[in-house]
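In our numbering, the protein residues as written are 432 to 656.
All residues carry an ideal CB built from backbone N, CA and C; glycine is no exception.
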């Protein structure tokens with residue numbers, strides 16, 4: 432089917448114009464990829480590319496991912512080295528010193544805590560030893576005081592018992608003396624009563640009482656009782 436208008440007619444392929452465009456692009460931007468040009472009319476042969484032009488695949492790769500363009504590898508390697516050096520400088524001058532300072536501070540804090548714990552442990556051991564010594568001293572003092580108190584109480588008890596025995600003996604002697612006095616007084620009273628009764632009987636019988644005979648008779652009778 433023939434085209435109705437001139438707009439439907441494909442333009443003629445001009446390799447010279449393409450090479451001129453590539454040369455102008457190389458002059459203005461040497462790092463830019465070459466312009467891809469394919470003969471749309473097939474005059475240069477079916478599937479024939481223009482000399483100096485990229486293949487369609489290379490042109491698509493260069494347009495989609497510039498990092499894969501071999502012409503930019505040198506620039507990319509340079510900036511990669513610059514980035515690595517910058518990262519190394521940042522790490523060595525800023526990050527590593529700060530991390531080292533933080534680790535040193537933490538290490539110092541841990542060592543300080545360990546030293547403080549060791550001091551507290553030593554103080555606790557000293558306090559425990561002092562407590563045990565105080566308890567032992569208190570027990571020894573309590574035993575000594577108990578022994579002294581026991582000895583004092585025993586001495587006081589012995590003295591009290593001796594005093595009680597002395598007082599009991601004294602009271603017993605006093606009681607015996609009082610009882611003897613009472614018995615002697617009672618004896619005298621009985622003797623007197625007996626003499627009076629005997630004298631009264633003699634007088635009642637009409638006789639004359641003889642005091643000596645009455646006393647002798649009463650004495651004999653009381654002595655036999």
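Cα-Cα separation between residue 521 and residue 549, rounded to whole angstroms: As a first step, residue 521 must be located in the chain shown, where it is residue number 90. As a first step, residue 549 must be located in the chain shown, where it is residue number 118. When rounded, the distance between both Cα atoms is 40 Å.
Buried versus exposed call for residue 595 [16 or more other C-beta atoms within 10 Å across all chains shown]: Stepping through the chain shown from its first residue, residue 595 is reached at position 164. It counts as exposed.
contact_flag[the segment 643 to 650, the segment 614 to 629] where n(CB pairs < 8 Å) is 3 or more: Yes, since at least three Cβ pairs between the segment 643 to 650 and the segment 614 to 629 fall closer than 8 Å, the two stretches touch.
8 Å contact criterion, which residue 622 and residue 649 should meet: CB distance rounded: Taking the chain shown and counting its residues from 1, the one referred to as residue 622 is at position 191. Taking the chain shown and counting its residues from 1, the one referred to as residue 649 is at position 218. About 6 Å separates the two Cβ atoms, so the contact holds.
Residue 377 - containing alpha helix (DSSP H), residue span: Outside the modelled stretch of the chain, which goes from 432 to 656, sits residue 377, for which no answer is possible.
CB of residue 652 within 8 Å of CB of residue 625, strictly: Here residue 652 is taken as the residue at index 221 of the chain shown, counted from 1. Here residue 625 is taken as the residue at index 194 of the chain shown, counted from 1. In terms of Cβ geometry, residue 652 and residue 625 form a close pair [threshold 8 Å].
8 Å Cβ cutoff, residue 564 in contact with chain C: In the displayed structure, chain C is absent; only one protein chain is listed.
First and last residue of the uninterrupted alpha helix (DSSP H) at residue 528: Here residue 528 corresponds to residue number 97 of the chain shown, with the count starting at 1. Its alpha helix (DSSP H) spans residues 527 to 635.
Continuous alpha helix (DSSP H) stretch holding residue 520: start and end: Residue numbering aside, residue 520 sits at position 89 when the chain shown is read from its first letter. Segment 504 to 521, the alpha helix (DSSP H) holding residue 520.
Alpha-carbon spacing of residue 552 relative to residue 537, whole angstroms: Working through the chain shown from its first residue, we reach residue 552 at position 121. Working through the chain shown from its first residue, we reach residue 537 at position 106. Rounded to the nearest angstrom, the two C-alpha atoms are 22 Å apart.
Residue 589 to residue 577 span [Cα, whole Å]: As a first step, residue 589 is located in the chain shown; it is residue number 158 there, counting from the start. As a first step, residue 577 is located in the chain shown; it is residue number 146 there, counting from the start. Using only the alpha carbons, I get a separation of about 18 Å.
Per-residue DSSP class, three states only, for residue 646: Numbered from 1 along the chain shown, position 215 holds the residue referred to as residue 646. Helix at residue 646.
Length of the line joining the Cα atoms of residue 505 and residue 529: Locating residue 505 in the chain shown gives position 74, where the first residue counts as 1. Locating residue 529 in the chain shown gives position 98, where the first residue counts as 1. Answer to the nearest angstrom: the Cα atoms are 35 Å apart.
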